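Read the structure below first, then the notes.
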Amino acid sequence: MKKLSRIIAISVFTLIAAAAVAVAAGAAAPEPVNFGQDANKMQWYLVNYGKNDECNFASARKYYTNPDEKENTIGLICEKFGIDSETASGLYFTEYGYAYSADGKEFAVTYISHYDMGGQLIKSTEFGASDREYVKMSKEMIPFKAYPYAIGKLPAKKAAPKK
Numbered sequence: 000m001k002k003l004s005r006i007i008a009i010s011v012f013t014l015i016a017a018a019a020v021a022v023a024a025g026a027a028a029p030e031p032v033n034f035g036q037d038a039n040k041m042q043w044y045l046v047n048y049g050k051n052d053e054c055n056f057a058s059a060r061k062y063y064t065n066p067d068e069k070e071n072t073i074g075l076i077c078e079k080f081g082i083d084s085e086t087a088s089g090l091y092f093t094e095y096g097y098a099y100s101a102d103g104k105e106f107a108v109t110y111i112s113h114y115d116m117g118g119q120l121i122k123s124t125e126f127g128a129s130d131r132e133y134v135k136m137s138k139e140m141i142p143f144k145a146y147p148y149a150i151g152k153l154p155a156k157k158a159a160p161k162k
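Residue numbering for the sequence shown is 0 to 162, as defined by numbering that gives the first Met the number 0.
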């Protein structure tokens, strides 16, 4: 009887801890922001942003809504990284990490990660601080659109209340 009580208590504690972690993770991640389509008809979303120890940052996802662009990217993944075409053809979205200069006029790519529809990583490339190339931003660029969120001028919209 004592053993059963102990097992039940441990199970309840584990469930409560798991729920607390899930709630904390959900609260920490901002609501995705839809940036619409770019000139190549690719759909973009801002999925994370803020300030870390180094600088202001943002992460944006590009979904392959243009089949021609998707095929070009699959070809590049196969050619550049030696990924087999069967794996690469599962490409669904690419996530880009951006770091901003202190004055907010330039950005650098910190990582590029390619994923399939199941969210499984196909290939990722990270750029350390010494390898980053900062580029001047223009209004048409996704990093420019993400910058106001990264510095806290624009918060992500809250999800509509559930009825």
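Note that CB positions come from ideal geometry on N, CA and C, so glycine has one too.
The model shown is predicted, which means the values in this text are computed figures rather than measured ones.
Annotation for residue 49: the continuous beta strand (DSSP E) segment containing it runs 42–50.
Nearest in C-alpha terms to residue 132, of all of 87, 97, 65, is 97.
According to the DSSP assignment, residue 148 belongs to the alpha helix (DSSP H) that extends over 141–149. It is roughly 29 Å from the alpha-carbon of residue 81 to the alpha-carbon of residue 140.
Between residue 90 and the set 104, 102, 65, 110, the nearest pair of CA atoms involves 65.
When the beta-carbon positions are compared, residue 38 and residue 145 stay at least 7 Å from each other. Nearest C-alpha to residue 55 among 106, 115, 35, 29: 106. Judged by DSSP in its simplified three-state form, residue 64 adopts coil rather than helix or strand. When the beta-carbon positions are compared, residue 148 and residue 44 stay at least 7 Å from each other. Excluding the 5 residues flanking it on each side, residue 123 has same chain C-beta neighbours closer than 6 Å at 112, in chain order. The criterion of a C-beta distance shorter than 7 Å is not satisfied by residue 34 and residue 62. The region 114–144 is shown to contain whole beta strand (DSSP E) runs of 3 or more residues at 120–125, in chain order.
Residue pairing by DSSP puts residue 111 in a beta bridge opposite 95, 124.
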